[in-house]
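**Student:**
Structure follows, in structure tokens:
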């Protein structure tokens, strides 16, 4: 920024002349001096990036990283190591880390003037007196890793623009710089709050729109199950939901969004909100969170949808009661939920608005109608004799048994009640939906159904176990078990752990080695469920007499590919933990 001024003499001002007098001139002079001071301060406070190259960002703050959030932003280093990394302001080195994994070579600098702590991760090396300190300590330790040291302000002071490290790929490659800002409570902060916003002229893109059922037997377009919809692009920044979904019950919305720089990377947005009938129901602003909150990423991003191709990051536009993240701190639990009171008449107009860290804003608009259903009609089991019941799915509130029709009469009713029997012979009338060749029966999450359900003489629901927040152990056979700790699940869930492939084929390949299986393939159901706390899975090898340390637990994909889960050996069995 260039700053300039005007020099003039007060003696040139004639009292009473048009339009100035001496008092006016003094005010003008003071005003100009103020402008000069402000301009000079602004120039001095210009943002200093940690890299002296064209800034190119490869990831964003608080974006989806599976079961966690990304604590900083990643900066490209031109696919090279060894670029100078500078201090963004005056401060002091408060901590240094040298680890094999994680951030690798990591540098922590406190900047009291910014009221912030900066973390540089994946460095190649440090510079100056700090490098001498680290090299000497590693030599004394006889190790390449294992430092996590803290310092007082006078030990390693730094100046703005001082080279403090070299970029690298330690801990996790490829070459890049992890640039993280925190407050002094070590809560990650968005660097954008401090002016670190790379030039971004690429507008985010909406992918799909989702409706999630959030009450028992909630109906969405003739189904008890979640529904996905395409959005039509009207302009570069406006999308529209062309169908008008019909719902009956309590629902929540989700939206899939991609933000990119044109190089294939996906970024998260800075803020997103939902308005219904011109009233904001919820807003999330991705500026700050705590490391303890990071595991709540799956309450903000839908884990399974966000991992699918062509969906972008799928944002949940309602607030679970166990979501304590700061992103929507001003909104109470269940904000964003639709129910009968959300409709003006029978229609609700909604708008989803999102903005990336470059200030590019997009919106998606549409309507949803309230469509009450009459379940009064009773459907006899004989009327469903042509339906084959061979699958079931579940939401957080409903287990849905699905039947498909073969040859036989079509049921013309839209909805009705079906009588089912539990394992004790007690009956219950359950809500059912009919859609031509398909029928859905809604079972409440009650223990009476965990031993199966019968429609007439046919078993339409297999045996499972209903696991609630109190936890449980599934142990169908002595050689395998799943332990759900207390509070692993927020909602009761019908679970099973079954031998699904008795004799799996070997995995791996000739180049990297053939993996010979020593157990059956076990499948944990439901397959798409995120646990709040890790579940512990144990499997005992079969027909194996060697060292268990040589074995591993592998995931087997639908295509037969093996991927290593990691494991521990405990009392003659292999164990690992998972959140899905």
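Numbering (the numbering used here), first residue to last: 4 to 583. A virtual CB, placed ideally from N, CA and C, is assigned to each residue, including glycine.
#1: If I measure Cβ to Cβ from residue 468 and keep anything under 8 Å in the same chain, skipping five residues before and after, which residues do I get?
#2: CA-CA distance, residue 325 and residue 209?
#3: Can you give the Cα-Cα distance for residue 64 and residue 322, rounded to whole angstroms?
#4: Evaluate residue 480 with the Cβ neighbour count: other Cβ atoms within 10 Å of its Cβ, from every protein chain shown; 16 or more gives buried, anything less gives exposed.
#5: Consult DSSP for residue 552 and reduce its assignment to one of helix, strand or coil.
#6: Measuring only the C-alpha atoms, how far is residue 589 from residue 144?
#7: Among 286, 270, 269 and 335, which one has its Cα closest to the Cα of residue 277?
#8: What is the DSSP secondary structure of residue 391, reduced to helix, strand or coil?
#9: Classify residue 138: buried if its beta carbon has 16 or more other beta carbons within 10 angstroms, exposed otherwise.
#10: Note down the Cα distance separating residue 203 from residue 271, rounded to an integer number of angstroms.
#11: Can you tell me whether residue 516 is buried or exposed, with buried defined as 16 or more other CB within 10 angstroms of its CB?
#12: Whose C-alpha, out of 73, 71, 72 and 61, is nearest the C-alpha of residue 80?
#13: By the three-class DSSP mapping on this structure, what secondary structure does residue 95 have?
#14: Take residue 410 and list the residues in its own chain whose beta-carbon comes closer than 7 Å to its own, dropping the five residues that flank it on each side.
#15: Pull up the distance between the alpha-carbon of residue 577 and that of residue 226, whole angstroms please.
#16: Which term fits residue 553, buried or exposed, when burial requires 16 or more other beta carbons within 10 angstroms of its beta carbon?
#17: Could you tell me whether the Cβ atoms of residue 164 and residue 50 are closer together than 7 Å?
#18: For residue 441, which residues from the same chain have a beta carbon less than 8 Å from its beta carbon, with the 5 sequence-adjacent residues on both sides left out?
#19: Applying the 10 Å Cβ sphere with the 16-neighbour rule, what's the burial state of residue 162?
#20: Considering only DSSP beta bridges, list what residue 67 is partnered with.
#21: If we ignore side chains and look at the alpha-carbon of each, how far apart do residue 243 and residue 232 end up?
#22: I need the DSSP call for residue 54, collapsed to helix, strand or coil.
#23: For residue 281, tell me which candidate among 256, 368 and 298 has the shortest Cα-Cα distance.
#24: Quick one, are the C-beta atoms of residue 184 and residue 290 less than 7 Å apart?
#25: Identify the residues that DSSP records as bridge partners of residue 384: which are they?
#26: Helix, strand or coil for residue 583? Go by DSSP, reduced to three states.
#27: Taking 8 Å as the limit between beta carbons, can you name the residues of its chain near residue 446, skipping five residues before and five after?
#28: Please report the distance separating the alpha-carbon of residue 157 from that of residue 519.
#29: Count the other CB atoms, across all protein chains shown, that sit within 10 Å of the CB of residue 318; report buried if there are 16 or more and exposed otherwise.
#30: Indicate whether residue 565 and residue 545 have their beta-carbon atoms separated by less than 7 Å.
#31: How many angstroms separate the CA atom of residue 152 from the CA atom of residue 540?
#32: For residue 311, is the classification buried or exposed, using 16 other Cβ atoms within 10 angstroms of its Cβ as the cut-off for buried?
#33: Alpha carbon to alpha carbon, how far is residue 524 from residue 352?
#34: Excluding sequence positions up to five away, which residues of its chain have a Cβ less than 6 Å from the Cβ of residue 119?
#35: Assuming residue 102 contacts residue 176 under a Cβ cut-off of 8 Å, what Cβ separation, rounded to an integer in Å, is found between them?
**Tutor:** According to the structure data:
#1: 453, 475, 477, 497, 498 and 499
#2: 27 Å
#3: 20 Å
#4: exposed
#5: Correct three-state label for residue 552: helix.
#6: The chain is shown from 4 up to 583; residue 589 falls before or after that span and cannot be answered.
#7: 286
#8: strand
#9: exposed
#10: 13 Å
#11: Here residue 516 is exposed. Its C-beta has fewer than 16 other C-beta atoms within 10 Å.
#12: 61
#13: strand
#14: 389
#15: 41 Å
#16: exposed
#17: Not in contact: residue 164 and residue 50 (Cβ atoms no closer than 7 Å).
#18: Same-chain partners within the cutoff: 405, 406, 407 and 408.
#19: So residue 162 counts as exposed.
#20: 72
#21: 11 Å
#22: strand
#23: 368
#24: no
#25: None, per the DSSP bridge assignment.
#26: Here residue 583 sits in coil by DSSP.
#27: 401, 402, 403, 404, 423, 433, 452, 456 and 464
#28: 58 Å
#29: buried
#30: no
#31: 36 Å
#32: exposed
#33: 48 Å
#34: 184
#35: Residue 102 to residue 176, Cβ: 14 Å. No contact.
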